[in-house]
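Chemist:
So this is what it looks like as structure tokens:
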């Protein structure tokens with residue numbers, strides 16, 4: 002590897018490539034019935050989430066600290082705690098990202114570079130051991 006070869010996903014994608022990836026990610030989420038459960042965890046207007054995920058991925062992929070200037074922390078577990086995220090939801094999120102990488106024409110080396118880190122992030126926000134729907138009725142004592 003020479004000093005001129007990109008070493009981080011940010012160097013490969015740049016700001017525009019990350020925006021394109023995020024747009025493709027949320028377009029996939031909007032269009033794919035098989036990930037509808039994850040889509041319902043988001044507001045109808047995805048504009049604010051597109052901006053936030055773009056900022057997060059820019060920093061996470063090795064670019065400028067734009068997410069810190071917006072949120073102050075890269076910790077995602079707290080912000081995802083209100084949502085029931087089990088293995089199925091984790092896998093739906095990963096499927097959206099895989100399809101988004103395909104849509105933007107990401108190279109095989111870039112996909113390989115991101116596969117395991119994306120899996121670790123998705124696993125880190127998982128807060129349930131299963132993906133059974135939760136009851137929201139306050140009059141129910143158990144969900145058994």
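Residue numbers (our numbering): 2 to 145. Glycine included, every Cβ here is placed at the ideal spot set by N, Cα and C. On a predicted model such as this, the values are computed, not experimentally measured, just so you know.
Does the Cβ-Cβ distance between residue 25 and residue 77 come in under 8 angstroms?
Modeler: No, they are not a contact pair.
Chemist: Does the stretch 10-17 come close enough to the stretch 51-66 to have 3 or more Cβ pairs within less than 8 angstroms?
Modeler: The stretch 10-17 vs the stretch 51-66: in contact.
Chemist: What residues in its chain sit with their C-beta under 7 angstroms from that of residue 82, if we drop five residues either side in the sequence?
Modeler: Excluding positions up to five away in sequence, the list reads 128.
Chemist: Are the beta-carbon atoms of residue 91 and residue 56 separated by less than 8 angstroms?
Modeler: Result no, Cβ atoms of residue 91 and residue 56 do not sit closer than 8 angstroms.
Chemist: Decide if residue 29 is buried, meaning its Cβ has at least 16 other Cβ atoms within 10 Å, or exposed.
Modeler: Residue 29 is buried by the Cβ-count criterion.
Chemist: According to DSSP, is residue 117 helix, strand or coil?
Modeler: Of the three classes helix, strand and coil, the one that applies to residue 117 here is helix, per DSSP.
Chemist: With DSSP as the reference, label residue 86 as helix, strand or coil.
Modeler: Coil, per DSSP.
Chemist: Return yes when the Cβ of residue 132 is within less than 8 angstroms of the Cβ of residue 89, no when it is not.
Modeler: The answer is yes: Cβ separation under 8 angstroms.
Chemist: For my contact list, residue 101 and residue 22 are in at a C-beta cut-off of 8 angstroms; report their separation, rounded to the angstrom.
Modeler: That belief holds up - the Cβ atoms of residue 101 and residue 22 are roughly 6 angstroms apart, short of 8 angstroms.
Chemist: Under the three-state reduction of DSSP, which class applies to residue 60: helix, strand or coil?
Modeler: It is helical.
Chemist: Report yes if the C-beta distance between residue 18 and residue 71 is below 8 angstroms; otherwise report no.
Modeler: No, the Cβ-Cβ distance between residue 18 and residue 71 is not below 8 angstroms.
Chemist: Using a Cβ-Cβ cutoff of less than 8 angstroms, which residues in the same chain neighbour residue 95 once the five nearest sequence positions on both sides are dropped?
Modeler: Result list for residue 95: 119, 120 and 123, in chain order.
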